[in-house]
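Enquirer: Mind having a look at this structure? Questions to follow.
Chains as they are written, first to last, in this note's numbering: chain F, 13 to 127; chain W, 3 to 111.
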């Protein structure tokens, strides 16, 4: 079946502009995660949605970052007034709660470059 | 905050040598997962460990979860060029995964 998809695959934007990154999780997956990966670095947790519960926003680096998940499916990560340090690959992952296994399936990522 | 430390950051080996990466948490983990990210790719799930002292094997890969559920290791026996990539551990804190910084493995043929 279809995996996690993300769009756009690449985004180049000017400093100060807003950007929206989209994630389509695997159908039926109740949990959705956003991570940021800078070049050669690990995965930095940003935000986590689980079903209808309030999202865990504890990883968002500043109030310029926000995310929504509409209808328990598609999610959008918005970065306002982008800065050069926001340049990174933004990865989305989804997981299903099945027998206590919370394996995460990652999308291909969106590479964001802020000039 | 919740942190998962992973060492080493880089490991360069000759093909056929063994490789080990270690993961440590300051707090007890519900479970730990391991992922592999090939160069230019995205992380792919390898395995999950849940029980204290658990050991699981996948062909040449051996995964261990510590007795206190605060540390874990991944050992690859007789590395091959196909093992190249970055290996991440991820500790489960409730429903959230916190990833280690990863160990980048390069294998010289």
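Glycine is no exception: its CB is placed at the ideal position from the N, C-alpha and C atoms.
Which one or two residues does DSSP pair with residue 33 of chain F in a beta bridge?
Expert: F/89
Enquirer: Could you give the C-beta distance for residue 115 of chain F and residue 50 of chain W, rounded to a whole number, given that I count them as a contact under 8 Å?
Expert: 7 Å
Enquirer: Evaluate contact between the stretch 26-37 of chain F and the stretch 48-55 of chain F, counting only Cβ atoms and requiring at least three cross-stretch pairs below 8 Å.
Expert: Judged by pairs of C-beta atoms under 8 Å, the stretch 26-37 of chain F does not touch the stretch 48-55 of chain F, as fewer than three such pairs exist.
Enquirer: Quick test of your reading: residue 32 of chain W and residue 94 of chain W, contact by CB under 8 Å. State the CB separation rounded to the nearest angstrom.
Expert: For a cut-off of 8 Å, the C-beta gap from residue 32 of chain W to residue 94 of chain W is around 4 Å, short enough to register as a contact.
Enquirer: Should the stretch 5-13 of chain W be regarded as contacting the stretch 65-73 of chain F, the criterion being three or more beta carbon pairs within less than 8 Å?
Expert: no
Enquirer: Which of the three DSSP states is assigned to residue 97 of chain F in this structure?
Expert: helix
Enquirer: Mind checking who residue 64 of chain F pairs with in its DSSP beta bridge?
Expert: Beta-bridge partners of residue 64 of chain F (DSSP): none assigned.
Enquirer: For residue 30 of chain W, which of helix, strand or coil comes out of DSSP?
Expert: In the structure shown, residue 30 of chain W sits in coil (DSSP, three-state: anything other than H, G, I, E or B).
Enquirer: For residue 23 of chain W and residue 85 of chain W, what's the separation of their Cα atoms in angstroms?
Expert: Rounded to the nearest angstrom, the two C-alpha atoms are 13 Å apart.
Enquirer: Return the CA-CA distance between residue 66 of chain F and residue 60 of chain F, expressed in angstroms with no decimal places.
Expert: The alpha-carbon separation between residue 66 of chain F and residue 60 of chain F amounts to approximately 9 Å.
Enquirer: Pick helix, strand or coil for residue 125 of chain F, following the three-state DSSP scheme.
Expert: strand
Enquirer: Does the distance from the CB of residue 89 of chain F to the CB of residue 55 of chain F come in under 9 Å?
Expert: no
Enquirer: Quick check on the burial criterion: 16 or more other C-beta atoms within 10 angstroms. Buried or exposed for residue 44 of chain W?
Expert: Burial call: buried.
Enquirer: Below 9 Å between beta carbons: does that hold for residue 34 of chain W and residue 70 of chain W?
Expert: no
Enquirer: Which residues of the stretch 79-95 of chain W have a Cβ closer than 9 Å to any Cβ of chain F? Give them in chain order.
Expert: 88, 90, 92 and 94
Enquirer: Would you mind sorting residue 24 of chain F into buried or exposed? The rule is 16 or more other CB atoms within 10 Å of its CB.
Expert: exposed
Enquirer: Take residue 38 of chain W as the anchor and find which of W/18, W/87, W/78 and W/76 has the nearest alpha-carbon.
Expert: W/87
Enquirer: Considering Cα atoms alone, identify which of W/57, W/82, W/48 and W/101 is closest to residue 108 of chain W.
Expert: W/82
Enquirer: According to the Cβ coordinates, are residue 127 of chain F and residue 96 of chain F closer than 9 Å?
Expert: yes
Enquirer: Out of W/56, W/100, W/102 and W/78, which one is the CA nearest neighbour of residue 17 of chain W?
Expert: Ranked by how close their Cα comes to the Cα of residue 17 of chain W, the residues W/56, W/100, W/102 and W/78 have W/78 in first place.
Enquirer: When the cut-off is 9 Å and only beta carbons count, does residue 84 of chain F lie next to chain W?
Expert: Not one beta carbon of chain W lies nearer than 9 Å to the beta carbon of residue 84 of chain F.
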